[in-house]
Amino acid sequence: MKIIWDWSLQTETERILDTTRQIGNGFFGLQHFYPLSWDHQTKYLSFGVYLPQLDYPSIPHFWSQVVRLDDNHFPLLAPPALLTQTHALLLPIDLTPPSTSSLENLTQTVVPRVLKFFHQFSPSTPLPTKIIIHPTYFGTYGSFNLMKSDKKVILIIRLDQGIKTLVECLLSSLLSQSAMNDLSSSWSETEFLVDWLISSSALSQILPSDPTWSGTLSTTRHSVSIALQAQSAHFLTQIGAPIPTFQTFSLKNNQVYYHNNPLPGLTARESRLMTKLIEISPAPLTLDEIADLIFIQEDKFSLAAITKTIERLRTKLNSLGISRHYLATASGIGYYLKN
1 MKIIWDWSLQ TETERILDTT RQIGNGFFGL QHFYPLSWDH QTKYLSFGVY LPQLDYPSIP
61 HFWSQVVRLD DNHFPLLAPP ALLTQTHALL LPIDLTPPST SSLENLTQTV VPRVLKFFHQ
121 FSPSTPLPTK IIIHPTYFGT YGSFNLMKSD KKVILIIRLD QGIKTLVECL LSSLLSQSAM
181 NDLSSSWSET EFLVDWLISS SALSQILPSD PTWSGTLSTT RHSVSIALQA QSAHFLTQIG
241 APIPTFQTFS LKNNQVYYHN NPLPGLTARE SRLMTKLIEI SPAPLTLDEI ADLIFIQEDK
301 FSLAAITKTI ERLRTKLNSL GISRHYLATA SGIGYYLKN
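Laid out in structure tokens, this is it:
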């Protein structure tokens, strides 16, 4: 297995695009991460999402472009013009290659041990043949791709983070696809499993101490001062980010709206689902209630068909620049809208 470290202005440009995408589509707001301004003197907070204060609106339709980037590819496949223009905004900041030698050395010894443990923990899950690590100044403390058939894992680790964050992202890459697709696990449920593996399982005995790590759930449930929330909201205004309304989804004249705009392209079945989800939000819509909405004949009821319908709706929301995580799973009950 190869471990490759790679940093460049190109990888930082891609990081900025991915970070602004998740600001624009509402994901960070849903998960209680707070966008904050970055400069060379920044003292990072674990729940902060850091971006340089650049003139993003100077790029035509910047925010409407980034929210529609396809997150099935990681790093994102962005239009060449958008990449070039964002790269040009970044140049005056004068970023220098970060020093990561000590973390690189630690990774060479720790990661093989982690993968050996993981194979014993989940022997049916394939292990990666290549791990590419992009250190970054920006974004959340860490990100990852979902490992696919090429068995390549891509990790993005912020410079204030250590080995446990790297391991967290690695485990998330290996587990998330199966957890979400096979078990209908939510984002937070998957992160709970990873946090537990690092902090409380036998894996914790082979990991070195890392004071920078606090775990995803602890980070996202951290109490944040009103002053810092206001600072984040002001920063979003400064960079021209979309400002959410109080209620994300609503009904107007029997039509589904996202913020102040009608939600286009819904089928009749999807429209019925969204309407009912909005009407009862934040309460869950049970599986039986969903079946009543989407199956004309009772004998056609199928849990697999319900799951596929929900996944198609999540995919459609995502394609419209709306985080799929707004449509959440209520385990053993049904689904609900985070609104």
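Take 1 as the starting number for the sequence shown in full-length UniProt numbering and just add one per residue. For glycine and all other residues, C-beta sits at the position ideal for the given N, C-alpha and C.
DSSP three-state assignment for residue i, whether helix, strand or coil
{"i": "P35", "result": "strand"}
{"i": "K152", "result": "strand"}
{"i": "P112", "result": "helix"}
{"i": "F121", "result": "helix"}
{"i": "G334", "result": "strand"}
{"i": "T96", "result": "coil"}
{"i": "F28", "result": "helix"}
{"i": "F62", "result": "helix"}
{"i": "A230", "result": "helix"}
{"i": "L170", "result": "helix"}
{"i": "T11", "result": "helix"}
{"i": "A328", "result": "strand"}
{"i": "L285", "result": "strand"}
{"i": "Q161", "result": "coil"}
{"i": "D292", "result": "helix"}
{"i": "P57", "result": "helix"}
{"i": "K16", "result": "In the sequence on display, residue 16 carries Ile and not Lys. Of the three classes helix, strand and coil, the one that applies to I16 here is helix, per DSSP."}
{"i": "S223", "result": "coil"}
{"i": "T129", "result": "coil"}
{"i": "I23", "result": "helix"}
{"i": "L207", "result": "coil"}
{"i": "F235", "result": "helix"}
{"i": "D76", "result": "Going by the sequence as given, residue 76 is Leu instead of Asp. If DSSP states are grouped into helix, strand and coil, L76 belongs with coil."}
{"i": "L106", "result": "helix"}
{"i": "S178", "result": "helix"}
Residue(s) in a DSSP beta bridge with residue i
{"i": "F144", "result": "L155"}
{"i": "H134", "result": "I156"}
{"i": "N261", "result": "Y258"}
{"i": "P52", "result": "W38"}
{"i": "S250", "result": "Y257"}
{"i": "G139", "result": "Y50"}
CA-to-CA distance, residue j to residue i, given in whole angstroms
{"i": "I131", "j": "P97", "result": "20 Å"}
{"i": "G240", "j": "Q53", "result": "10 Å"}
{"i": "G48", "j": "S225", "result": "13 Å"}
{"i": "A81", "j": "A88", "result": "11 Å"}
{"i": "Q255", "j": "S200", "result": "48 Å"}
{"i": "T309", "j": "S250", "result": "21 Å"}
{"i": "Y258", "j": "L30", "result": "15 Å"}
{"i": "Y326", "j": "T307", "result": "16 Å"}
{"i": "L197", "j": "S204", "result": "7 Å"}
{"i": "K164", "j": "G265", "result": "42 Å"}
{"i": "T275", "j": "P75", "result": "34 Å"}
{"i": "H40", "j": "Y335", "result": "43 Å"}
{"i": "T237", "j": "H119", "result": "46 Å"}
{"i": "E194", "j": "L175", "result": "First, the amino acid is wrong: residue 194 is Val here, not Glu. Those two C-alpha atoms are separated by around 8 Å."}
{"i": "T329", "j": "S186", "result": "6 Å"}
{"i": "S173", "j": "K252", "result": "40 Å"}
{"i": "I294", "j": "L287", "result": "11 Å"}
{"i": "N260", "j": "T13", "result": "30 Å"}
{"i": "R21", "j": "G321", "result": "8 Å"}
{"i": "P123", "j": "K2", "result": "20 Å"}
{"i": "I243", "j": "S64", "result": "13 Å"}
{"i": "L277", "j": "L95", "result": "46 Å"}
{"i": "H73", "j": "I296", "result": "37 Å"}
{"i": "M147", "j": "P128", "result": "8 Å"}
{"i": "K152", "j": "P208", "result": "25 Å"}
{"i": "S218", "j": "L106", "result": "25 Å"}
{"i": "D71", "j": "W7", "result": "21 Å"}
{"i": "Q161", "j": "P211", "result": "9 Å"}
{"i": "Q85", "j": "I280", "result": "43 Å"}
{"i": "Q10", "j": "G332", "result": "44 Å"}
{"i": "F138", "j": "L17", "result": "11 Å"}
{"i": "residue 344", "j": "I133", "result": "Nothing in the structure corresponds to residue 344, since the chain is present only between 1 and 339."}
{"i": "T125", "j": "A233", "result": "41 Å"}
Run of the alpha helix (DSSP H) containing residue i, from where it starts to where it stops
{"i": "W213", "result": "Unbroken run through W213: none, as it is neither H nor E."}
{"i": "L193", "result": "187 to 200"}
{"i": "S319", "result": "303 to 319"}
{"i": "S271", "result": "268 to 280"}
N-terminal and C-terminal residue of the beta strand (DSSP E) that residue i is part of
{"i": "A81", "result": "No beta strand (DSSP E) contains A81, which is instead part of the alpha helix (DSSP H) from 80 to 90."}
{"i": "K2", "result": "2 to 5"}
Neighbour flag for residue i against chain D, beta carbons, 9 Å
{"i": "P98", "result": "Within the model displayed, chain D is absent; a lone protein chain is all it includes."}
Proximity test, residue i beta-carbon vs the ligand NAD heavy atom, cut-off 8 Å
{"i": "P60", "result": "The ligand NAD is not among the ligands present in this structure, which contains no ligands whatsoever."}
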